[in-house]
Amino acid sequence: MALYDKYPVAIFNSLGKKKEKFEPINAPRVGLYVCGPTVYNEAHLGNVRSFLTFDVVWRYLEHLGYKVRYVRNITDVGHLVSDADEGEDKIEKRARLEELEPMEIVQKYTNGFHYVTHLFNLKDPSIEPTATGHIQEQIEMVKRIIDNGYGYEVNGSVYFDVKKFSEKYDYGKLSGRKVDELLEQTRDNLEGGNEKQFFADFAIWKGASENTLMKWNSPWGQGVPGWHLECSVMSTKYLGEQFDIHGGGMDLKFPHHECEIAQSVGADGTEPVRYWMHGNMLTVNGTKMSKSLGNSFLPLELVAGDHPLLDQGYSPMTARFFMLQANYRSTLDFSNEALKAAEKGYKRLMNALKSLNGLSFENQGKTDYGLDDEINKQCEQVYVEMSDDFNTPKAIAVLFELVNKINAFENNQLNLSSIKESTFDTLKKVFNSMVTDVLGLMDESDGESNKLQEVMNFLINMRDEARANKNWELSDKIRDDLSELGITLNDGKDGSSFSIN
RNA sequence: GGUUCCGUGGCCGAGUGGCUAGGCUGGGCUCUGCAAAAGCUCCUACAGCGGUUCGAAUCCGCUCGGAACCUCCA
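Following the numbering used here, the numbering of the first sequence begins with 21 at its first residue and continues without gaps.
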């Protein structure tokens, strides 16, 4: 029996706004598509949250035994500044500012993005396709949309005919919008000089002007694909006309994802996505973190603590743990207090992990069935919570209940031999795989060199001698001086150990 | 203006009808040469008002406050 049968996953589907049992189209294979970054500048911590959410989704599904193909794109053309169909290409604009080739910008910020994902221990996706690498496929899709009567050409640009589409299909069902009301609902609906027949129409191919750097040949002249198109094209190409899960930030729900649905249905007549998942925003003082408000910070600023918002630096794993302590569908408010609390909690969790792996089951004593049963139940509960729409905060809460048990075993406050060996094995397996493989938390204190270990052993031995001779003056000096260097000594029953702050 | 969401203890943050979150902080106890760590334990909240119900943080209504989307954004 596969783990995914034992712990069936429920996913909150944005389409319908309720939790549904997750049933892949071709189990055990799962297709997962997530909208990646537009690489025109550096990713900030808010961006990281979304990708982290789906990193854990991917990790957990794989852990349950699914074979997941995770596609996360890089948008390197077609994303326009300001108005979606009127402005300059974001990357091209940046290229002019930095006096670089557009593709240099793409490379630079793609590299930067990868640096960030690795910093936070996000796994590299199965496929990371780019929009510029799929121009031909995008042109083909535009053709199919036109052939089906849902696209029209104006001056070398092609627009998606939302009105026509909505005669037969429900445009707006994902975001809860109604086409009839869209016009009145918009604050500024009088954008002048528009080629569009209906203001809600969107570009699927945008004609390029003479001096544009980024442009490709097409049946409608030189131009660039519309922003929404790449995701439809690449998800279809690598995951099929219909696939399992599509993820992204809340702010992409409309218009981006709504347009994706329209394009796929308009081109191929197929509803593209079974389960839509949307992550919520990271906020600062209750307001969305964004560059324009100046309340965002970059990962390196986070680590260095080099930003007015930050009292101190926080490690990437502290931030990762912090974000996983909240549900992905809730906004999460950033504050120094909260991050400091997360830092301590994270260390507590990792120390317990280290302790657990240092424990070995010696011999079976008299079994405490109450304790044995409790540990088994908590191990199962972690899966139950994760399977309930990837509820990381609840799963972590259960893990902390296990931390209490582990620490008590470690310090002989509970007797390890009072549980069954099989229970101990389960505990070890579940705790390790959940913390490391699924939540993706790494022990950052790793990398202490052997030399340091040797020197510390030397100091600890020296202090033990002093303590044996009741030379408290010397033993306390060693401990206090080390403490000033950021190394804490902990005296346990089986001798002293040290940890680096 | 339209659509949607949220308001939980000192802080963060789970929780959709009856039972418990969890982390951090603060108090107490145990252990310890003293500390630290750890274990145990205490502080027990659901914006306000009304309604439904045997019973509501949880459902409904209103009020107040905040946010997101409608325009690029994870």
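We treat Cβ as the ideally placed atom computed from N, Cα and C, and that holds for glycine.
Are ASN61 and TYR129 closer than 8 Å when you measure CB to CB? yes
Can you tell me where the alpha helix (DSSP H) holding VAL404 begins and where it ends? Note, VAL404: alpha helix (DSSP H), 389 to 407.
Can you tell me which of the three DSSP states ASP181 falls into? coil
Would you call the region 385 to 394 in contact with the region 338 to 348, where contact means no fewer than 3 C-beta pairs closer than 8 Å? Cβ pair count under 8 Å is below three, so no.
Residues of its chain near ALA151, where Cβ-Cβ distance is below 6 Å and the 5 sequence neighbours each way are ignored: THR95, ASP96, VAL97, GLY98, GLU250.
What distance in whole Å lies between the Cβ atoms of LEU65 and LEU322, which are believed to be in contact at a cut-off of 8 Å? The Cβ separation is near 6 Å, so the contact holds.
Out of curiosity, what's the CA-to-CA distance linking LEU352 and SER310? 14 Å
Segment contact flag, the region 328 to 341 with the region 137 to 153, C-beta cutoff 8 Å, min 3 pairs: Yes, since at least three Cβ pairs between the region 328 to 341 and the region 137 to 153 fall closer than 8 Å, the two stretches touch.
Any idea which residues DSSP pairs VAL54 with across the strands? ARG92, GLY267
Following the continuous beta strand (DSSP E) through MET297, name the residue where it begins and the one where it ends. In the DSSP assignment, MET297 falls within the unbroken beta strand (DSSP E) covering 293 to 299.
For THR150, write down the residues that DSSP places opposite it in a beta bridge. ILE94
Any idea what DSSP makes of LEU100, helix, strand or coil? LEU100 falls in the strand class under three-state DSSP.
Buried or exposed by the 16-neighbour rule on C-beta atoms within 10 Å, applied to MET297: buried
Cβ pair ALA86, PRO28 closer than 8 Å: The question names Ala, but residue 86 in the sequence shown is Tyr. Going by C-beta atoms, TYR86 is not nearer than 8 Å to PRO28.
Can you tell me which residues form a DSSP beta bridge with TYR172? TYR179
Among LEU100, PHE354, LEU376, THR256, which one has its Cα closest to the Cα of THR232? If we check each option's Cα against that of THR232, LEU100 comes out closest.
On the premise that VAL54 lies in contact with GLY267, defined as a C-beta separation below 8 Å, what is that separation, rounded to the nearest angstrom? By a beta-carbon distance limit of 8 Å, GLY267 contacts VAL54. Their separation comes to about 4 Å.
Top-ranked residue by Cα proximity to LEU505, from MET476, ALA486, ASN491: MET476
Taking 7 Å as the cut-off, is the C-beta of ALA30 nearer than that to any heavy atom in the ligand FMN? You won't find the ligand FMN in this model; it holds no ligand whatsoever.
What residues in its chain sit with their C-beta under 8 Å from that of HIS154, if we drop five residues either side in the sequence? GLU250, VAL253, MET254, LYS257
Beta strand (DSSP E) runs wholly inside the region 446 to 519, at least 3 long, in chain order: 507 to 512
Can you tell me whether DSSP reads ARG349 as helix, strand or coil? The three-state reading of DSSP puts ARG349 in coil, since its state is none of H, G, I, E or B.
Using only the alpha-carbon positions, how far apart do SER453 and GLU400 sit? 13 Å
Please list, in chain order, all residues of the same chain as ARG89 whose beta carbon is under 6 Å from its beta carbon, the five residues on each side excluded. GLY51, SER146
When you compare the CB positions of PHE222 and TYR179, do they come within less than 8 Å of one another, or not? yes
Nearest to ASP181 (by Cα), restricted to the options ASN175, PRO149, GLU261, LYS216: LYS216
Quick one: what does DSSP say LEU373 is sitting in, helix, strand or coil? DSSP places LEU373 in helix when its eight states are reduced to three.
Pick from GLU421, GLU405, ASP409, ASN424 that is closest to ALA415, judged by C-alpha positions: Of the candidates GLU421, GLU405, ASP409, ASN424, the one whose C-alpha sits nearest the C-alpha of ALA415 is GLU405.
When you compare the CB positions of VAL458 and HIS138, do they come within less than 8 Å of one another, or not? no
First through last residue of the alpha helix (DSSP H) which encompasses VAL68: 65 to 84
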